[in-house]
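Trainee:
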Amino acid sequence: MAMVSVEILWALRLFMIYMVIQSIASCEPDILLRNGKVTELSSWLLGDSIKFECNPGFSLQGKTWHLGNGNMMKRYCATGCNDIEKQANGTILTATDGLKAEIECDDEFVLSGNSFTYCNGTKWIIKLGTCQLANSVGDHSCDFEREDMCGWRASKAIPQPWKRISAAADFLKEKCLQQDHTFQSDVEGHFIRLQSQVHASRTYHFISPIYPRNSFHSLWFQFELFMFGSEVRNLTISVKPSSMAVEDMWNSFRNICTKLTVSGDQGPNWKSQSISIDEMESDFQVVFTVVDPSSLHGDIGIDDVKFIKSETNEPHS
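With mature numbering (1 follows the signal peptide of the UniProt record, and there is no 0) applied, the sequence shown corresponds to residues -26 to -1, 1 to 291, in that order.
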């Protein structure tokens, strides 16, 4: 009898340790609705649901109900505001009730920043983006504010777990990563997030534009990385010739092209990582790769990629 009691005690202790670890390495941020209220409901028949309601005098921008725990669009309660000033190279479209405004860019221009804003009764609460010239190269850095993602793209796949996320529009209830690195705000900023999906059981690449070989010799490629969760796996960063298909790189030349592999929980904050760019014989591309994100319980985010000079041969982190 004493032995059975000891075994039960050890089982309870291990269970408590597991629950503590799970609570530390997971997040469930509160859902807030300024000038309104949020009601979370759970039913064995209908499952989880969330109801959004605004205070008297305010109108709900978005649907009243959200079903399930998946990615949701943020809701806002609004009244009315003054007209927004005209934007260069774009058109401001205001809803008939005056509570929402959107910007559309002219041809040959691309939006950088938020495409919409709402009025809270006193001011427009989200900063509208600006229209920038399309296909502009600049210094090859990218904060992912531009809708074209500065030429970065995800490899073709269905489902596609690599997503450009808006801090002002997107909310995933069970994720810790809600803000980008650039602005670290709830109403401004964009970043790239790898979203775990049930059927996403393949290899998924996120690929840079083509960089000219003569421009980046002896530089470092730096990026901000958010990698947090109890079951986060590996993120591989590679450099390949632009003429090489990304599938060939991964299947046949992975060992040669891989520059860095980041594994496991790195903490609930953005952290700088970098890789050296060797002398290249041809134009090249940088590739982020994750395998089997269907089993990913956590967050992987990428933001603020750029090339930097280094006085040493040690990576920045």
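The C-beta atom is built at its ideal place from N, Cα and C for all residues, glycine as well.
So what's valine 161 in DSSP terms, helix, strand or just coil?
Mentor: Taking the first residue of the sequence shown as 1, we reach residue 161 at position 187. DSSP places valine 161 in coil when its eight states are reduced to three.
Trainee: Just curious, the alpha helix (DSSP H) that valine 220 is in, first and last residue?
Mentor: Indexing the sequence shown from 1 puts residue 220 at position 246. That run of the alpha helix (DSSP H) goes 220 to 226.
Trainee: I think arginine 49 touches glycine 31, with their Cβ atoms under 8 Å apart; what is that distance to the nearest whole Å?
Mentor: The sequence position of residue 49 within the sequence shown is 75, counting from 1. The sequence position of residue 31 within the sequence shown is 57, counting from 1. Actually they do not touch by this definition, with Cβ atoms about 16 Å apart.
Trainee: Assess, as a yes-or-no matter, whether the region 228 to 241 is touched by the region 95 to 107 under the definition of 3 or more beta carbon pairs within less than 8 Å.
Mentor: Taking 8 Å as the limit for Cβ pairs, the verdict is that the region 228 to 241 does not touch the region 95 to 107.
Trainee: Since phenylalanine 165 and histidine 155 are thought to touch, with beta carbons under 8 Å apart, how far apart are those beta carbons, to the nearest angstrom?
Mentor: Against the sequence shown, residue 165 aligns to sequence position 191. Against the sequence shown, residue 155 aligns to sequence position 181. Their Cβ separation, rounded to whole angstroms, is 7 Å, which keeps phenylalanine 165 and histidine 155 in contact under 8 Å.
Trainee: For a minimum of 3 consecutive residues, which ranges assigned as the beta strand (DSSP E) are wholly contained in the region 78 to 123?
Mentor: Here the runs fully enclosed are 83 to 86, 90 to 92, 104 to 107.
Trainee: Determine the DSSP secondary structure at glycine 125, reduced to helix, strand or coil.
Mentor: Here residue 125 corresponds to residue number 151 of the sequence shown, with the count starting at 1. Residue state, collapsed to three classes: helix.
Trainee: Closer than 8 Å by C-beta to phenylalanine 83: which residues in its own chain qualify, once you throw out the five before and the five after it? Chain order, please.
Mentor: Indexing the sequence shown from 1 puts residue 83 at position 109. Cβ neighbours of phenylalanine 83 beyond the five flanking positions: Asn63, Gly64, Cys105, Gln106, Leu107, Ala108.
Trainee: If you measure between the beta carbons of serine 89 and glutamate 76, is that distance less than 9 Å?
Mentor: Position 115 of the sequence shown, counted from the start, is the residue given in the question as residue 89. Position 102 of the sequence shown, counted from the start, is the residue given in the question as residue 76. Yes; because the gap between Cβ atoms is below 9 Å, this pair is in contact.
Trainee: Skipping 5 residues on each side, what residues in its chain have a beta carbon closer than 6 Å to that of serine 115?
Mentor: As a first step, residue 115 must be located in the sequence shown, where it is residue number 141. Within the same chain, serine 115 has close Cβ partners Lys280.
Trainee: Nearest to threonine 70 by alpha carbon, out of Pro135, Ser33, Met46?
Mentor: To locate residue 70, count along the sequence shown from 1; it is residue 96. Nearest C-alpha to threonine 70: Ser33.
Trainee: Looking at the structure shown, is isoleucine 166 part of a helix, part of a strand, or coil, going by DSSP?
Mentor: Numbered from its first residue, the sequence shown carries residue 166 at position 192. If DSSP states are grouped into helix, strand and coil, isoleucine 166 belongs with the strands.
Trainee: Return the bridge partner residues of threonine 68 from the DSSP annotation.
Mentor: As a position in the sequence shown, residue 68 is number 94, starting the count at 1. Answer is Ala75, bridged to threonine 68.
Trainee: Rounded to the nearest angstrom, how far is the Cβ of aspartate 236 from that of phenylalanine 195, given a contact under 8 Å?
Mentor: Counting from one through the sequence shown, the residue named residue 236 turns up at place 262. Counting from one through the sequence shown, the residue named residue 195 turns up at place 221. For clarity, residue 236 is valine in the given sequence; the question names aspartate instead. In fact, because the Cβ distance is near 14 Å, the residues do not count as touching under 8 Å.
Trainee: Which of helix, strand or coil does DSSP assign to proline 183?
Mentor: As a position in the sequence shown, residue 183 is number 209, starting the count at 1. Three-state DSSP puts proline 183 in coil, outside helix and strand.
Trainee: Among the candidates Ile132, Phe190, Val111, whose CA atom is the shortest distance from the CA of aspartate 122?
Mentor: Translated into the one-based positions of the sequence shown, residue 122 becomes position 148. It is Val111 whose Cα lies nearest to the Cα of aspartate 122.
Trainee: By a C-beta neighbour count over all protein chains shown, 10 Å radius and 16 as the cutoff for buried, is threonine 263 buried or exposed?
Mentor: Numbered from 1 along the sequence shown, position 289 holds the residue referred to as residue 263. Result: buried.
Trainee: Buried or exposed for leucine 67, going by 16 or more other Cβ atoms inside 10 Å?
Mentor: Here the question's residue 67 lines up with position 93 in the sequence shown. Flag for leucine 67 reads exposed.
Trainee: Please state the DSSP three-state secondary structure of cysteine 28.
Mentor: As a first step, residue 28 must be located in the sequence shown, where it is residue number 54. Cysteine 28 falls in the strand class under three-state DSSP.
Trainee: Is it true that the region 240 to 254 meets the region 207 to 215, where meeting means three or more beta-carbon pairs spaced less than 8 Å apart?
Mentor: A contact exists between the region 240 to 254 and the region 207 to 215.
Trainee: Thinking aspartate 277 and aspartate 117 are a contact (beta carbons under 8 Å), I'd like their distance in whole angstroms, please.
Mentor: Locating residue 277 in the sequence shown gives position 303, where the first residue counts as 1. Locating residue 117 in the sequence shown gives position 143, where the first residue counts as 1. Contact flag correct, Cβ pair sits at about 7 Å.
Trainee: I'd like to confirm the pairing. Which residues does DSSP put opposite glycine 21 in its beta bridges?
Mentor: Locating residue 21 in the sequence shown gives position 47, counting from the first residue. For glycine 21, which the question treats as bridged, DSSP gives the partners Ser17.
Trainee: Under a three-way DSSP split, which group does serine -4 fall into?
Mentor: As a first step, residue -4 is located in the sequence shown; it is residue number 23 there, counting from the start. Low confidence applies to serine -4: its pLDDT is 44, below 50, so where it sits in the model is not reliable, and the reading given next is rough at best. Of the three classes helix, strand and coil, the one that applies to serine -4 here is helix, per DSSP.
Trainee: List the endpoints of the continuous beta strand (DSSP E) containing histidine 155.
Mentor: Residue mapping note: residue 155 aligns to position 181 of the sequence shown, counting from 1. Where histidine 155 is concerned, there is no enclosing beta strand (DSSP E), given that its DSSP letter is neither H nor E.
Trainee: Specify the secondary structure class of asparagine 56 as computed by DSSP and reduced to three states.
Mentor: If you number the sequence shown from 1, residue 56 lands on position 82. Asparagine 56 falls in the coil class under three-state DSSP.
Trainee: Can you tell me whether DSSP reads histidine 271 as helix, strand or coil?
Mentor: Position 297 of the sequence shown holds residue 271. Coil, per DSSP.
Trainee: Which residue from Asp57, Gly125, Gln134 puts its Cα closest to that of lysine 97?
Mentor: As a first step, residue 97 must be located in the sequence shown, where it is residue number 123. Here the closest residue by C-alpha is Asp57.
Trainee: How would you call glycine 54, buried or exposed, if buried means at least 16 neighbouring beta carbons within 10 angstroms?
Mentor: Along the sequence shown, one-based indexing puts residue 54 at 80. Flag for glycine 54 reads exposed.
Trainee: Starting from the C-beta of glutamate 27, find all residues in its chain whose C-beta is less than 6 Å away, skip the five residues before and the five after it, and write them out in chain order.
Mentor: Working through the sequence shown from its first residue, we reach residue 27 at position 53. Taken in chain order, the residues that qualify are Gly10, Lys11.
Trainee: Please report the distance separating the alpha-carbon of residue 294 from that of alanine 141.
Mentor: Given that the chain is displayed from residue -26 to residue 291, the structure contains no residue 294 and the question cannot be resolved.
Trainee: Within 10 angstroms of its Cβ, does alanine 52 collect 16 or more other Cβ (buried), or is it exposed?
Mentor: Along the sequence shown, one-based indexing puts residue 52 at 78. Counting Cβ neighbours within 10 Å, alanine 52 comes out buried, since at least 16 surround it.
Trainee: Specify the secondary structure class of aspartate 278 as computed by DSSP and reduced to three states.
Mentor: Counted from its first residue, the sequence shown places residue 278 at position 304. If DSSP states are grouped into helix, strand and coil, aspartate 278 belongs with the strands.
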